[in-house]
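Number of protein chains: 2
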Amino acid sequence: MITLSTSDPAFDRDFTALVNARREADADVARDVRIIVSSVRDEGDAALAAFTKKFDRHDPNETGWRIEKSEWLAAYQGLDPALRDALDLAAARITTYHEKQRPQDSDTTDDAGVRLGARWNAIEAAGIYIPGGRAAYPSSVLMNAIPARVAGVSRIAMVTPTPDGEINPLVLAAAHIAGVDEIWRIGGAQAIAALAYGTQRIAPVDVITGPGNAWVAEAKRQLYGVVGIDMVAGPSEIVVVADDRNDPQWIAADLLSQAEHDPTSQSILFTDDAAFARTVADAVDMQIGQLATANTARTSWDANGAIIVTASLDEAIPLVDRLAPEHLQLACDDPQALFDKVRHAGSVFMGRLTPEAIGDYVAGPNHVLPTGRRARFASGLSVLDFMKRTSFLQLDEAALAAIGPAAVALAEAEGLPAHAKSGRAASVTHHTARLALYAPHRSFRA
Amino acid sequence: MITLSTSDPAFDRDFTALVNARREADADVARDVRIIVSSVRDEGDAALAAFTKKFDRHDPNETGWRIEKSEWLAAYQGLDPALRDALDLAAARITTYHEKQRPQDSDTTDDAGVRLGARWNAIEAAGIYIPGGRAAYPSSVLMNAIPARVAGVSRIAMVTPTPDGEINPLVLAAAHIAGVDEIWRIGGAQAIAALAYGTQRIAPVDVITGPGNAWVAEAKRQLYGVVGIDMVAGPSEIVVVADDRNDPQWIAADLLSQAEHDPTSQSILFTDDAAFARTVADAVDMQIGQLATANTARTSWDANGAIIVTASLDEAIPLVDRLAPEHLQLACDDPQALFDKVRHAGSVFMGRLTPEAIGDYVAGPNHVLPTGRRARFASGLSVLDFMKRTSFLQLDEAALAAIGPAAVALAEAEGLPAHAKSGRAASVTHHTARLALYAPHRSFRA
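Keeping their order, the protein sequence lines are chains A and B. Okay, so the first sequence: first residue is 20 according to the working numbering, each after it adds one. Okay, so the second sequence: first residue is 20 according to the working numbering, each after it adds one.
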């Protein structure tokens with residue numbers, strides 16, 4: 020953990036180093052993933068079975084490629100009732116929030132007589148990646164599958180590795196609640212390749228979303244274009260902006276809620292009070308020891324944690340924008356005033372009573388959010404990731420006469436005679452257009 | 020050019036081959052691009068100058084790195100008046116269409132007392148790639164820069180290669196009209212890398228859009244994640260669905276308007292009349308010879324063109340969906356009836372008087388559209404590509420009491436104790452929450 024102060028003469032240099040620090044995997048992963056992807060593309064299920072034997076230590080030809088729906092239902096029915104209620108509440112709230120994201124179609128006719136608009140359609144098939152092992156989270160199933168379902172996707176195929184053949188029943192129960200259609204016992208870069216290209220058993224999908232390790236993220240990046248993807252995901256991160264009238268134990272817990280995710284996660288506190296900064300640092304150290312996830316949290320906090328003391332909370336906001344954090348907590352009396360100045364953040368948690376962990380599970384907004392400064396240009400997962408827009412045009416004779424000649428002039432200037440002819444052909448029989456049409460179409464270069 | 024008929028027993032096999040035919044560049048390009056990208060990332064302007072000397076045959080240290088705004092203005096003022104009017108009309112119509120794409124923010128408080136919503140912000144800086152040489156199109160400048168401007172982007176940096184130092188004044192004039200802020204005389208994969216990482220002279224951007232050759236497209240794909248990109252662009256394509264009551268010369272011109280773009284472009288006609296199919300094929304052969312772009316159009320039509328005879332126009336639509344074409348023309352009396360059945364297309368041109376070329380220039384919708392079957396999951400360029408969404412939450416005591424315990428239960432079930440503590444900490448002091456809080460939080464696995 021580093022402590023910085025904006026009053027320190029070296030602050031700019033040190034903060035820039037913090038902003039630019041890379042916490043993501045590198046070249047070797049890319050090479051390995053290229054080999055895996057091309058093997059699955061060329062050999063299909065045979066390659067998939069071989070990689071599953073190698074990495075997950077079971078043979079899907081023996082353990083079964085698919086997990087049947089009866090098993091999901093059994094997992095759901097076997098849930099502790101309080102947990103089932105919690106998952107049901109989360110699913111209902113996530114559904115309500117995402118239903119408001121459905122985009123509007125448009126269809127208008129303008130003064131020139133040109134009908135123009137845009138129509139949204141759902142994609143046909145979505146692939147959802149859910150990690151196995153340590154990070155087998157039912158909340159990830161809800162957060163990925165529900166937006167696809169709300170978008171109107173016909174087929175949701177989930178893949179999840181089952182190391183040594185084992186599966187987390189919570190994940191199956193969440194798939195049941197979220198309306199998933201298929202679950203395949205595969206994972207890693209090989210599962211992403213299978214979803215993108217299809218294999219003998221698995222039909223290809225159009226969009227792949229969901230969290231994963233560095234290999235999964237790299238496979239999605241390499242296959243972007245063959246399929247749509249949600250984003251390139253990196254380690255999780257939180258920035259907390261807090262004054263001294265917060266309980267330091269709460270703020271410490273909020274910082275640790277990211278640190279415990281992964282050794283590469285990052286937690287940063289901005290505060291306008293140096294004494295409060297020290298108290299929180301002490302509280303973090305005290306709490307870490309009590310966590311079952313202590314090792315991960317300790318590594319993350321030591322390597323990537325930061326406490327930054329500013330002259331005021333306002334001074335923190337331009338610095339927060341440079342970090343463009345995945346999660347931003349504004350723990351103060353008037354969070355709206357600060358939020359109004361924020362430009363780059365994935366999701367914002369306002370006030371002293373809105374811990375980020377609430378947003379991870381039950382509040383409604385998606386917890387799949389841009390990491391690694393990508394909130395500069397990217398958004399959290401939404402219904403839009405599972406839909407696409409078709410624009411359309413319809414002209415009548417008058418409309419063609421009004422705008423056709425300009426198109427012809429531009430096509431000729433660009434040296435595209437068939438474009439010009441196409442634009443002209445349609446207008447040539449109409450007297451209204453004839454005048455404009457036979458005006459000399461001078462090329463700019465002539 | 021191949022001719023298929025749905026009545027042929029081998030149709031399914033032949034059509035599937037057509038759908039799966041790849042017209043895009045391959046592995047060698049990826050390797051070359053990796054080398055270029057890492058050189059520019061590590062060496063900045065020096066690498067950029069070296070690649071520009073090698074590929075564009077001029078040294079930007081001598082010819083100048085930037086093109087000054089005074090030159091853009093001179094180019095605009097020097098335009099043929101008819102062409103200037105055409106560009107101004109196009110810019111005005113494109114602006115109007117894209118202004119309607121600005122997304123709505125949301126901010127509501129639900130029955131549980133949870134305030135939740137989403138706010139859209141523009142990205143800060145956009146990079147626009149405009150090809151030089153044969154494909155130096157002013158329309159591309161308008162189609163890329165105007166959506167960024169409408170989104171509210173603060174800085175639009177355009178890059179365009181100037182082979183042998185030469186620049187197309189039409190492109191400069193369009194940059195003046197569209198409100199571009201900077202123009203750099205660089206191109207290729209090296210220009211994409213410079214925009215993504217920044218160099219000593221060029222500040223980095225957040226999103227890169229614009230058409231380019233295989234190297235440019237591959238560089239964008241490799242740098243996706245470092246920056247946002249519009250999409251992975253491939254060769255242009257058109258599908259025309261036409262009955263026999265169209266002028267075959269018009270349909271031939273429409274097909275050729277894509278064929279002339281590039282040898283890898285693709286033009287496909289679906290018609291329900293075999294005699295009309297033959298007439299159009301003859302008209303294409305006749306018109307090609309008259310084009311200044313004859314060589315390109317001939318290569319494209321011979322290698323990738325297709326005419327497909329169906330029993331009815333309705334029968335064509337599911338086949339069109341499998342192609343998910345960039346451009347779809349529905350040249351018949353009731354195009355709406357067909358359009359209602361289309362799921363996958365980038366842009367649709369309805370009726371006999373709406374040639375695709377109109378949409379390339381002046382109609383208003385964007386001409387940057389998904390190619391290579393990507394309309395299955397991708398949309399045309401829009402204002403949304405230059406904006407991103409921040410979700411937000413705000414809870415009070417009652418709201419936290421209502422949904423906090425469910426979050427705690429899920430966090431504990433996922434084995435994330437700091438998440439649970441973070442959710443619990445905030446609710447611990449409130450009597451309303453205490454009851455729920457101290458209920459046993461049973462882990463599913465326990």
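Beta carbons: idealized from backbone N, C-alpha and C, even for Gly.
Identity of the residues DSSP links to residue i by a beta bridge
i: B:Gln348; result: B:Val259 and B:Phe368
i: A:Tyr148; result: A:Val178
i: B:Glu201; result: B:Ala176
i: B:Asp126; result: B:Gly136
i: A:Tyr95; result: Paired residues: none, contrary to the question.
i: B:Trp289; result: First, the amino acid is wrong: residue 289 of chain B is Phe here, not Trp. For B:Phe289, which the question treats as bridged, DSSP gives the partners B:Val260 and B:Ile327.
i: A:Arg85; result: A:Trp203
Expected contact under 8 Å - CB spacing of residue i and residue j to nearest Å
i: A:Ala192; j: A:Leu106; result: 7 Å
i: A:His77; j: A:Asp249; result: Contact doesn't hold; Cβ gap of about 28 Å is too wide.
i: B:Ala311; j: A:Pro424; result: Not really, about 20 Å apart at Cβ, beyond 8 Å.
i: B:Ala345; j: B:Ala397; result: Looking at the sequence shown, residue 345 of chain B is not Ala but Glu. In fact, because the Cβ distance is near 10 Å, the residues do not count as touching under 8 Å.
i: B:Arg121; j: B:Val402; result: 6 Å
i: A:Thr22; j: A:Ala296; result: 7 Å
From the options, residue whose alpha carbon lies closest to that of residue i
i: B:Ile142; options: B:Arg112, B:Ala176 and B:Ala155; result: B:Ala176
i: B:Ala316; options: B:Leu274, B:Pro344 and B:Leu338; result: B:Leu274
i: B:Val235; options: B:Pro223, B:Pro374 and B:Pro254; result: B:Pro254
i: A:Ala197; options: A:Ser398, A:Trp91 and A:Arg50; result: A:Trp91
i: B:Gln355; options: B:Arg371, B:Pro344, B:Arg341 and B:Ala343; result: B:Arg371
i: A:Lys440; options: B:Gln277, B:Asp61 and B:Ser159; result: B:Gln277
i: B:Tyr380; options: A:Arg392, A:Leu347, A:Leu419 and A:Asn385; result: A:Leu419
i: A:Thr390; options: A:Gly151, A:Asp340 and A:Gly63; result: A:Asp340
i: A:Gln285; options: A:Phe358, A:Arg42, A:Phe30 and A:Arg138; result: A:Arg42
i: A:Gln348; options: A:Phe289, A:Ser401 and A:Gly229; result: A:Phe289
i: A:Pro230; options: A:Asp304, A:Asp281 and A:Ile326; result: A:Asp281
i: B:Lys119; options: B:Leu23, B:Asp75, B:Thr71 and B:Val169; result: B:Val169
i: B:Ser20; options: B:Thr218, B:Gln413, B:Asp304 and B:Lys360; result: The sequence given here has Met at residue 20 of chain B, not Ser. Comparing Cα positions, the closest option is B:Asp304.
i: B:Arg50; options: B:Arg103, B:Ala238, B:Val38 and B:Ala36; result: B:Ala238
i: A:Asp333; options: A:Gln413, A:Ala40 and A:Val260; result: A:Val260
i: A:Tyr116; options: A:Ala426, A:Ala421, A:Leu400 and A:Met406; result: A:Leu400
i: B:Thr414; options: B:Val387, B:Thr127, B:Trp320 and B:Arg174; result: Before going on, a small fix: residue 414 of chain B reads as Leu here, not Thr. Checked all of B:Val387, B:Thr127, B:Trp320 and B:Arg174; the closest Cα to B:Leu414 is B:Thr127.
i: B:Asp31; options: B:Ala293, B:Ile326, B:Leu338 and B:Trp269; result: B:Leu338
i: A:Ala111; options: B:Leu388, B:Ser125 and B:Asp129; result: B:Asp129
Where residue i sits in the DSSP three-state scheme
i: B:Met162; result: helix
i: B:Lys360; result: coil
i: A:Ile469; result: Lying before the first or after the last residue shown, residue 469 of chain A is absent from chain A, which here runs from 20 to 465.
i: A:Phe405; result: helix
i: B:Gln120; result: coil
i: B:Tyr380; result: helix
i: B:Ala452; result: Low local confidence applies: a pLDDT of 36 at B:Ala452 is under 50, so the model's placement there is unreliable, with the coordinate-based value given in what follows. Looking at B:Ala452 - three-state DSSP - the assignment turns out to be helix.
i: B:Gly399; result: coil
i: B:Tyr243; result: strand
i: A:Val226; result: strand
i: A:Ser24; result: strand
i: A:Ser441; result: helix
i: B:Gln413; result: strand
i: A:Ala213; result: helix
i: B:Ala141; result: strand
i: A:Ile248; result: strand
i: A:Val387; result: coil
i: A:Asp64; result: helix
i: B:Arg220; result: coil
i: B:Ser283; result: Per the sequence shown, the amino acid found at residue 283 of chain B is Thr instead of Ser. Note: B:Thr283 maps to coil in three-state DSSP.
i: A:Gly171; result: coil
i: B:Leu191; result: helix
i: A:Ala36; result: helix
i: A:Asp266; result: coil
i: B:Ile113; result: helix
Cβ of residue i within 8 Å of any chain C Cβ
i: A:Arg168; result: No chain C is present in this structure, whose protein chains are A and B.
- Task: Identify every run of the alpha helix (DSSP H) within the region 306-357 of chain B, keeping only runs that are complete inside it and at least 4 residues long; order them along the chain.
- Result: 313-323 and 332-342
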